[in-house]
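Novice: After the structure tokens below, expect a handful of questions from me.
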DNA sequence: AGAGGCTGCTTACGCCATAAACAGGTGGCA
DNA sequence: TGCCACCTGTTTATGGCGTAAGCAGCCTCT
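Chains as they are written, first to last, in the numbering used here: chain A, 1 to 236; chain B, 237 to 472.
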């Protein structure tokens with residue numbers, strides 16, 4: 001009746017279509033704005049229709065994370081590597097690529113509860129964990145060495161990439177209101193930036209340097225240093 | 237009339253009291269459960285009363301973060317240090333202490349938008365950033381060296397501590413339904429775990445090692461390695 | 001043709017953040 | 001003492017949210 005939409009937009013729903021739309025919406029408007037209702041709107045469908053394919057919002061976010069990591073193992077295996085150093089380099093770059101391609105959604109990978117709660121560094125995708133551990137063992141690591149390496153590696157990735165994507169996301173959900181700020185109801189520090197900055201001469205002076213983005217180089221040197229450290233540890 | 241509460245619980249509201257209650261509630265029930273309404277309930281007050289002291293939920297979370305970092309600079313300065321290595325060690329341990337004392341709230345420090353958007357590694361508290369930069373410069377770092385060091389240091393802290401607190405928080409908001417599961421006879425879960433695990437022999441084998449918590453030692457060696465790297469870089 | 005299963009829609013509930021108007025008390029000042 | 005202005009917290013209302021439950025149309029298979 002009221003199908004004003006072209007046929008292309010009225011396609012059948014599917015879990016993949018929903019997850020894709022969710023990821024798109026998250027990247028465009030931020031995680032908070034991605035509601036079941038708005039997502040339904042995006043897909044030309046009522047919110048409740050989505051519940052046929054996802055069991056709830058949590059499950060959907062779970063699926064978005066899984067989708068991000070999809071094909072990761074395949075891509076890593078595609079480029080066969082000779083040393084474990086080269087292998088870890090490849091894994092790191094692969095994940096960095098994912099993070100940079102989805103800067104808003106990437107923090108979900110870290111912030112959501114892990115699939116296996118007992119897995120201490122709780123990166124979600126067990127398939128990936130397995131691949132890393134298996135490869136390290138195949139390269140002669142003992143179990144202990146593999147686990148320690150996995151933990152240090154994970155920690156490095158999370159730290160570097162979270163900071164890096166937070167650069168790219170800064171204003172994604174910033175609401176700017178028209179400034180009819182005649183009277184501040186609350187003793188406000190709206191000018192907290194400037195006030196603090198007046199107290200922070202070094203920050204002020206290095207402002208340019210601080211805001212320059214050298215993430216790439218920093219990531220590379222950090223990664224190299226980490227690999228060196230692991231190498232040193234492994235060879236006693 | 238309906239003030240059943242003892243006087244002590246009916247004390248005047250204040251921004252500090254609200255922020256403290258918020259932090260407590262977050263640590264106890266998770267960030268999601270901390271609503272204006274529940275917080276009002278905790279304080280024996282209607283939700284709207286809070287808006288006299290806090291301009292909204294976002295502002296409140298902002299204040300919680302600020303509160304976490306409160307006194308940080310004072311404590312760092314209290315223990316006067318001689319070398320920049322010792323200084324950064326002290327800063328790192330101070331922040332780790334904060335993180336471990338407030339494992340559920342700590343991710344807010346990283347995940348909320350920074351006060352100064354142009355500040356690339358967006359740790360929120362400008363006072364702290366200033367202190368680190370000033371100290372490094374006072375120890376002979378050039379501006380470039382100070383900035384690079386600050387970024388690498390921040391990245392390390394965020395990565396290590398986020399992973400560490402996520403260990404301690406795993407089940408904080410987990411909804412446990414009363415399963416009448418008396419003994420461990422029944423092996424099945426959501427079955428997704430076991431299904432994945434069946435495909436992951438290495439993970440399975442190292443399960444014990446993976447779930448052991450050696451965060452402390454890992455943090456120390458990682459930090460030491462980072463400081464060595466910085467030292468090496470700084471001295472050409 | 002008829003039956004049953006997909007699929008998506010409608011309605012409804014209880015939660016949330018928050019805007020706006022309001023009331024009770026308390027202090028200052030005559 | 002009387003009065004008024006303010007500070008504090010409450011009441012009421014709006015619009016959004018996630019999601020439980022039931023319903024209606026269509027597709028396919030017999």
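From the three backbone atoms N, C-alpha and C, an ideal C-beta is built for every residue, glycine too. Predicted model only: the values in this text are computed from it and were never measured.
With H, G and I counted as helix, E and B as strand and the rest as coil, what does DSSP make of residue 258 of chain B?
Specialist: Here residue 258 of chain B sits in helix by DSSP.
Novice: What does the alpha-carbon distance come out to for the pair residue 284 of chain A and residue 247 of chain B?
Specialist: This structure gives no information on residue 284 of chain A, because the portion of chain A shown stretches from 1 to 236.
Novice: With a 10 Å radius around its C-beta and 16 neighbouring C-beta atoms as the bar for buried, classify residue 107 of chain A as buried or exposed.
Specialist: By the neighbour-count rule (16 or more Cβ atoms within 10 Å), residue 107 of chain A is buried.
Novice: Would you mind telling me which residues of chain A sit closer than 7 Å to residue 392 of chain B, beta carbon to beta carbon, in chain order?
Specialist: Those are 159, listed as they occur along chain A.
Novice: Check this for me: beta carbons of residue 395 of chain B and residue 158 of chain A, under 7 Å apart or not?
Specialist: Yes.
Novice: For a contact defined as C-beta to C-beta under 7 Å, what are the partners of residue 341 of chain B on chain A?
Specialist: Chain A residues near residue 341 of chain B: none, gap ~13 Å exceeds 7 Å.
Novice: Within 7 Å of any Cβ in chain B, is that where the Cβ of residue 96 of chain A sits?
Specialist: Answer no: the Cβ-Cβ gap between residue 96 of chain A and chain B never drops below 7 Å.
Novice: Who are the near neighbours of residue 75 of chain A in its chain, counting only those whose CB is closer than 8 Å to its CB and skipping five residues on each side?
Specialist: So the list reads 94, once near-sequence residues are dropped.
Novice: When the Cα atoms are used, what is the spatial distance from residue 182 of chain A to residue 449 of chain B?
Specialist: Residue placement at residue 182 of chain A is flagged as unreliable, the pLDDT there being 38, under the threshold of 50; the coordinate-derived value follows with that caveat. Cα-Cα distance, rounded: 54 Å.
Novice: Please report the residue range of the alpha helix (DSSP H) in which residue 323 of chain B lies.
Specialist: From DSSP, the alpha helix (DSSP H) with residue 323 of chain B extends over 320-337.
Novice: Does any residue of chain B bring its CB to less than 7 Å from the CB of residue 209 of chain A?
Specialist: Yes - at least one Cβ of chain B is within 7 Å of the one on residue 209 of chain A.
Novice: Ends of the alpha helix (DSSP H) at residue 37 of chain A?
Specialist: Here the alpha helix (DSSP H) through residue 37 of chain A covers 36-43.
Novice: Give me the subset of the segment 251-284 of chain B whose CB atoms are less than 7 Å from a CB atom of chain A, sorted by chain position.
Specialist: Correct list: empty, as no residue qualifies.
Novice: For residue 335 of chain B, count the other beta carbons within 10 Å of its own beta carbon; 16 or more makes it buried, fewer makes it exposed. Which is it?
Specialist: So residue 335 of chain B ends up on the buried side.
Novice: Three or more C-beta pairs closer than 8 Å, one from the segment 48-55 of chain A and one from the segment 10-24 of chain A: is that the case here?
Specialist: Yes: at least three Cβ pairs fall under 8 Å.
Novice: I'd like to know whether the C-beta of residue 217 of chain A is nearer than 7 Å to at least one C-beta of chain B.
Specialist: Cβ-Cβ to chain B under 7 Å: no for residue 217 of chain A.
Novice: Taking 7 Å as the threshold (C-beta atoms), are residue 463 of chain B and residue 321 of chain B in contact?
Specialist: Their beta carbons are under 7 Å apart, which means residue 321 of chain B touches residue 463 of chain B by this criterion.
Novice: Enumerate in chain order the residues of its own chain whose CB-to-CB distance from residue 305 of chain B is below 6 Å, with the five nearest sequence positions on each side excluded.
Specialist: If we look at residue 305 of chain B and ignore the five residues flanking it on each side, its Cβ neighbours are 361.
Novice: If we count the other Cβ atoms within 10 Å of its Cβ and call it buried at 16 or more, is residue 202 of chain A buried or exposed?
Specialist: Under this definition residue 202 of chain A is a buried residue.
Novice: Determine whether the Cβ of residue 442 of chain B lies closer than 7 Å to any Cβ atom of chain A.
Specialist: At least one chain A Cβ lies under 7 Å of residue 442 of chain B.
Novice: Would the beta-carbon of residue 63 of chain A fall within 7 Å of that of residue 39 of chain A?
Specialist: Taking 7 Å as the Cβ cut-off, residue 63 of chain A and residue 39 of chain A do not qualify as a contacting pair.
Novice: Could you check what DSSP says for residue 214 of chain A in three-state terms: helix, strand or coil?
Specialist: Looking at residue 214 of chain A - three-state DSSP - the assignment turns out to be coil, as it is neither helix nor strand.
Novice: Would residue 223 of chain A pass as a contact of residue 92 of chain A if the rule is Cβ separation under 7 Å?
Specialist: Yes, Cβ-Cβ distance for residue 223 of chain A and residue 92 of chain A is below 7 Å.
Novice: Name, please, each residue of chain B whose Cβ falls closer than 8 Å to the Cβ of residue 152 of chain A.
Specialist: Simply 454, 458.
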